[in-house]
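2 protein chains.
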Amino acid sequence: MFSPTIQKLIDLFAKFPTVGPRTAARFVFYLLKLPGEEAEKIISAISNLKEKVKTCHSCFNSFEGEGKLCVICKDSNRDKSLLCVVEKESDLASIEKIKKYNGLYFILGETVSTLKKSDLLKLRTKELEERIKEQKNIQEIIIAINPTAEGETIALYLEKLLKKALPEGKRVTRLGRGLPLGGEIEYADEETISSAFEGRR
Amino acid sequence: MFSPTIQKLIDLFAKFPTVGPRTAARFVFYLLKLPGEEAEKIISAISNLKEKVKTCHSCFNSFEGEGKLCVICKDSNRDKSLLCVVEKESDLASIEKIKKYNGLYFILGETVSTLKKSDLLKLRTKELEERIKEQKNIQEIIIAINPTAEGETIALYLEKLLKKALPEGKRVTRLGRGLPLGGEIEYADEETISSAFEGRR
Numbered sequence: 001m002f003s004p005t006i007q008k009l010i011d012l013f014a015k016f017p018t019v020g021p022r023t024a025a026r027f028v029f030y031l032l033k034l035p036g037e038e039a040e041k042i043i044s045a046i047s048n049l050k051e052k053v054k055t056c057h058s059c060f061n062s063f064e065g066e067g068k069l070c071v072i073c074k075d076s077n078r079d080k081s082l083l084c085v086v087e088k089e090s091d092l093a094s095i096e097k098i099k100k101y102n103g104l105y106f107i108l109g110e111t112v113s114t115l116k117k118s119d120l121l122k123l124r125t126k127e128l129e130e131r132i133k134e135q136k137n138i139q140e141i142i143i144a145i146n147p148t149a150e151g152e153t154i155a156l157y158l159e160k161l162l163k164k165a166l167p168e169g170k171r172v173t174r175l176g177r178g179l180p181l182g183g184e185i186e187y188a189d190e191e192t193i194s195s196a197f198e199g200r201r
Numbered sequence: 001m002f003s004p005t006i007q008k009l010i011d012l013f014a015k016f017p018t019v020g021p022r023t024a025a026r027f028v029f030y031l032l033k034l035p036g037e038e039a040e041k042i043i044s045a046i047s048n049l050k051e052k053v054k055t056c057h058s059c060f061n062s063f064e065g066e067g068k069l070c071v072i073c074k075d076s077n078r079d080k081s082l083l084c085v086v087e088k089e090s091d092l093a094s095i096e097k098i099k100k101y102n103g104l105y106f107i108l109g110e111t112v113s114t115l116k117k118s119d120l121l122k123l124r125t126k127e128l129e130e131r132i133k134e135q136k137n138i139q140e141i142i143i144a145i146n147p148t149a150e151g152e153t154i155a156l157y158l159e160k161l162l163k164k165a166l167p168e169g170k171r172v173t174r175l176g177r178g179l180p181l182g183g184e185i186e187y188a189d190e191e192t193i194s195s196a197f198e199g200r201r
């Protein structure tokens with residue numbers, strides 16, 4: 001019932017993650033009301049994204065600028081003996097925000113709820129093995145995969161794979177588990193409570 | 001922690017309705033993974049939207065094409081004795097979808113949860129009064145404002161205003177109220193149950 005131009009943009013927005021046709025329609029009407037120059041900003045931000053943003057050849061993080069490496073991989077002040085394996089860029093961004101980790105990263109790709117073989121093949125495990133060969137002085141690999149049901153499976157799988165690939169004496173670790181800040185024991189699941197006991201300090 | 005181009009687009013998406021910074025980031029990474037030609041489609045759909053889509057001078061619906069009136073207002077087969085007042089275009093679209101209403105429309109503007117005077121002034125009540133003067137043969141005005149708390153207040157306000165503005169013998173009606181299809185009496189609120197009783201048939 002919408003005019004063709006409106007319907008076309010609704011269909012495109014409806015493919016965005018978490019967006020259905022109703023929300024897509026709201027987006028379009030939001031854009032319709034927006035002043036022309038604001039819409040221009042969105043248009044040029046999208047084209048810039050596609051033109052300027054590249055994928056780092058070492059960690060698969062997005063970056064812009066010269067060369068093949070992102071700011072983190074290029075930074076000589078980062079600790080090259082540490083490698084942190086994350087699922088996706090926003091996980092990397094969250095870890096960077098806490099400013100406690102000064103090592104390097106590797107973006108494995110997102111784990112999905114259906115752990116089919118085809119989904120596993122999409123993860124960059126081959127690239128990770130190669131990366132380990134290249135970055136020779138790695139002392140520790142931190143597996144920072146999200147502790148969801150699928151994530152746990154992937155993490156276990158990675159742990160085996162990495163322990164085999166790394167030379168003797170190097171560590172493969174996982175992020176600590178326990179109650180989140182503000183979490184309540186009453187509402188925590190059994191897994192979390194038992195992790196909190198095991199990891200008590 | 002994201003690169004400037006990515007952060008800029010995240011900020012722009014975060015202004016979209018229902019979207020927060022996390023969802024905005026997901027949108028950006030979705031676009032990053034999208035093939036170039038798909039991103040092009042989105043860009044050109046947004047520019048088309050801003051270039052081609054106009055607002056109807058009579059009902060304030062969006063439309064594209066020649067002239068100042070939308071397809072509905074231009075259509076000589078529509079019943080010009082009926083006028084349906086809706087809040088927004090997607091309500092109009094939902095009513096058009098049922099193919100039961102053949103009259104004209106008027107888009108009043110969205111009611112907002114805080115019924116401040118400034119919000120009321122944003123509604124097109126003045127334009128509605130003028131429209132009624134122009135469309136002389138109106139027999140019935142159907143107030144199809146959403147039955148939310150704010151909507152009800154606006155609807156009552158409109159009802160008064162329109163009854164004053166319309167000549168004697170013309171009707172101002174509201175959409176029927178009652179249980180929605182698939183609704184359960186057990187879970188319906190008192191207002192809905194009592195509307196269902198009053199509107200029994």
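Chains as they are written, first to last, in full-length UniProt numbering: chain S, 1 to 201; chain Z, 1 to 201. Glycine included, each C-beta is placed from N, C-alpha and C at the ideal position. Every value quoted in this text rests on a predicted model; they were computed, and no experiment measured them.
(message) I'd like to know if the stretch 76–88 of chain S and the stretch 58–78 of chain Z are in contact, where contact means that at least 3 CB-CB pairs between them fall below 8 Å.
(response) no
(request) With 7 Å as the C-beta to C-beta threshold (strictly closer), list the residues of the stretch 6–23 of chain S near chain Z in chain order. (result) I6, K8, L9, L12, F16, P17, T18, T23
(message) So for L120 of chain Z, helix, strand or coil by DSSP?
(response) helix
(request) Would you list the residues sitting across from F106 of chain Z in a DSSP beta bridge? (result) Beta-bridge pairing links F106 of chain Z to Z:V85.
(message) So for S90 of chain Z, helix, strand or coil by DSSP?
(response) helix
(request) Express the C-alpha separation of A45 of chain Z and K52 of chain Z in angstroms, rounding to a whole number. (result) 10 Å
(request) Give a yes or no on whether the C-beta atoms belonging to L141 of chain Z and I132 of chain Z are separated by under 9 Å. (result) Residue identity check: residue 141 of chain Z is Ile in the sequence provided, not Leu. Taking 9 Å as the Cβ cut-off, I141 of chain Z and I132 of chain Z qualify as a contacting pair.
(message) Does any residue of chain S have a CB that is nearer than 9 Å to the CB of V86 of chain Z?
(response) no
(request) Output the distance between the C-alpha atoms of E40 of chain Z and I42 of chain S, rounded to the nearest integer angstrom. (result) Their Cα atoms are separated by approximately 13 Å.
(message) According to DSSP, simplified to helix, strand and coil, what is residue 218 of chain S?
(response) Residue coverage of chain S in this structure runs from 1 to 201, which leaves residue 218 of chain S outside it and unanswerable.
(message) By the DSSP assignment, the beta strand (DSSP E) with T173 of chain Z in it spans what residues?
(response) 171–174
(request) Mind checking which residues open and close the beta strand (DSSP E) that includes E140 of chain Z? (result) 140–144
(message) Quick check: the Cα distance between K54 of chain Z and E186 of chain Z, rounded to an integer number of angstroms?
(response) 46 Å
(request) Could you check which residue in Z:G176, Z:D189, Z:E191 has the C-alpha nearest to that of G199 of chain Z? (result) Z:G176
(message) With a threshold of 8 Å, are at least 3 pairs of Cβ atoms found where one atom belongs to the stretch 15–24 of chain S and the other to the stretch 23–31 of chain Z?
(response) yes
(request) Output yes or no for whether 9 Å exceeds the beta carbon distance between E37 of chain S and I72 of chain S. (result) no
(message) Short of 6 Å in beta carbon distance, which residues of its chain neighbour E129 of chain Z, apart from the five on each side in sequence? Order them along the chain.
(response) A165
(message) Taking 8 Å as the cut-off, is the beta-carbon of L123 of chain Z closer than that to any non-hydrogen atom of the ligand ZN?
(response) Ligands displayed in this structure: none; no statement on the ligand ZN is therefore possible.
(message) Rounding to the nearest angstrom, what Cα-Cα distance links G151 of chain S and R22 of chain Z in this structure?
(response) 20 Å
(request) Can you give me the Cβ contacts of L9 of chain S inside the same chain, cut-off strictly under 7 Å, excluding the 5 residues immediately before and after it? (result) Only V28 meet the Cβ criterion.
(message) Just to confirm my understanding: we take C56 of chain S, look at its own chain, exclude 5 residues before and 5 after, and list those with CB closer than 6 Å. What are they?
(response) F63, L69, C70, C73
(message) Using a Cβ-Cβ distance cut-off of 9 Å, determine whether R174 of chain S contacts chain Z.
(response) No, because no Cβ of chain Z sits closer than 9 Å to the Cβ of R174 of chain S.
(message) Less than 9 Å between CB atoms is the rule here; does K68 of chain S satisfy it with respect to chain Z?
(response) no
(message) I'd like the span of the alpha helix (DSSP H) that includes F27 of chain Z, first residue to last.
(response) Looking at the DSSP string, the run of the alpha helix (DSSP H) that includes F27 of chain Z is 21–33.
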